[in-house]
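For reference, the structure discussed in these notes is given below.
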Amino acid sequence: MAGGPDPVAVFIEAGTRRVFASVLDWPGWARSGKTAELAVEALGDYLPRYLPVVAAAGLQPPSGDFRIAERHDGLAKGADFGALGETAPSDRRPLAAADGARLASLLDAAWTAFDAGVARAPERLRKGPRGGGRDTSQIVEHVHSAEAMYARKMGLARDQAAAAGPDAVAALRRRIGGALRAPDELLTSAHGWPPRCAARRIAWHVLHHLWEIEDKS
């Protein structure tokens, strides 16, 4: 008898007030909640928003049930500040080029979705009850500047000439995607982000802010 769909493996990283759940094999699909159970529930709520990214990457959508496969051992430093960033034990496994290409395709699709969402959005976004929050161009600048730092975290040296050029954002994205597609050539420091972790973290940041823009438009 054939088995059912493979379970969707989830990584949990917990702070003192907030917990993040991220799907290990699907970069960008990550949400938070006050508890691990609520964070995993939020993953299910956001699947319809994630599926267009999966389709744009040319992949079949996940269909199994969630399974908490790994947990960060200790306090997740960024969780309480609204950011995931811990490395899962399985992130350190060797990454085949084909698997890296799959991660890169999802990250490329997330970037494309972000750019399209920005193009549709108004410049001024709805603010919080106390007037806080950024407008669209400020979010875009934040995402782009963060990716330069993330690239270094995954082991890519800063390219001064490309960073100063008119095509700086696209050039950096090509370098990140190329590194995922050729993981054997990437040298990540012991304190950096292995390719799997980097793809998950970068894609989450892109989609988190895309959905923020959409919700506040």
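According to my numbering, the sequence shown is numbered sequentially starting from -14.
Just so you know, even glycine gets a beta-carbon here, dropped at the ideal spot from N, CA and C.
Between Phe5 and Leu28, the gap from beta carbon to beta carbon reaches 8 Å or more. Using a C-beta cut-off of 8 Å, the segment 64 to 72 makes no contact with the segment 144 to 164, since fewer than three inter-stretch Cβ pairs fall below that distance.
Distances from the alpha-carbon of Gly102 to those of Leu171, Leu195 and Asp169 put Leu195 closest. Between Gly113 and the set Ser75, Ile198, Lys62 and Arg143, the nearest pair of CA atoms involves Ile198.
Beta-carbon to beta-carbon, Ala98 and Val38 are separated by about 6 Å, close enough to satisfy the 8 Å threshold. Spatial neighbours of His57 in its own chain (CB-CB distance under 6 Å, excluding positions within 5 residues in sequence) are listed in chain order as Glu(-2) and Glu71. Rounded to whole angstroms, the Cβ separation of Ala61 and Gly0 is 5 Å, and the two are in contact under 8 Å. By the C-beta density criterion, Leu36 is exposed, having fewer than 16 other C-beta atoms within 10 angstroms. Each of Ala155, Leu32, Met139 and Pro107 was checked against the Cα of His129, and the nearest Cα belongs to Ala155. The beta carbons of Trp11 and Pro33 sit no closer together than 8 Å. C-alpha of Arg143 to C-alpha of Arg159: approximately 13 Å in a straight line. In its chain, beyond the 5 residues on either side, Ala156 have a beta carbon closer than 8 Å to the beta carbon of Gly150. Arg16: member of the beta strand (DSSP E) spanning Ala15 to Gly18, first to last residue.
For Pro168 against Gly85, the beta-carbon gap comes to about 5 Å, under 8 Å, which counts as contact. A Cβ-Cβ distance of about 4 Å is found for the pair Asp76 and Cys182, placing them in contact under the 8 Å criterion. Distance check between Gln45 and each of Arg2, Gly63, Arg185 and Ser90 places Ser90 closest, using alpha-carbon atoms only. Ile161 is bridged by DSSP to nothing; it lacks a bridge partner. Taking a 10 Å sphere around the C-beta of Ser7, we find 16 or more other C-beta atoms and assign the residue as buried. Looking only at Trp96, Leu192, Leu80 and Ser202, the smallest Cα-Cα distance to Leu172 is reached by Leu80. Looking at the backbone, the Cα of Ser122 and that of Ser174 are separated by about 33 Å. About 7 Å separates the beta carbon of Pro180 from that of Met139, a gap short enough to meet the 8 Å contact definition. At a Cβ-Cβ threshold of 8 Å, Val(-5) and Ala54 count as neighbours.
When C-alpha distances from Thr20 are compared across Tyr31, Arg3 and Gly13, the shortest belongs to Arg3.
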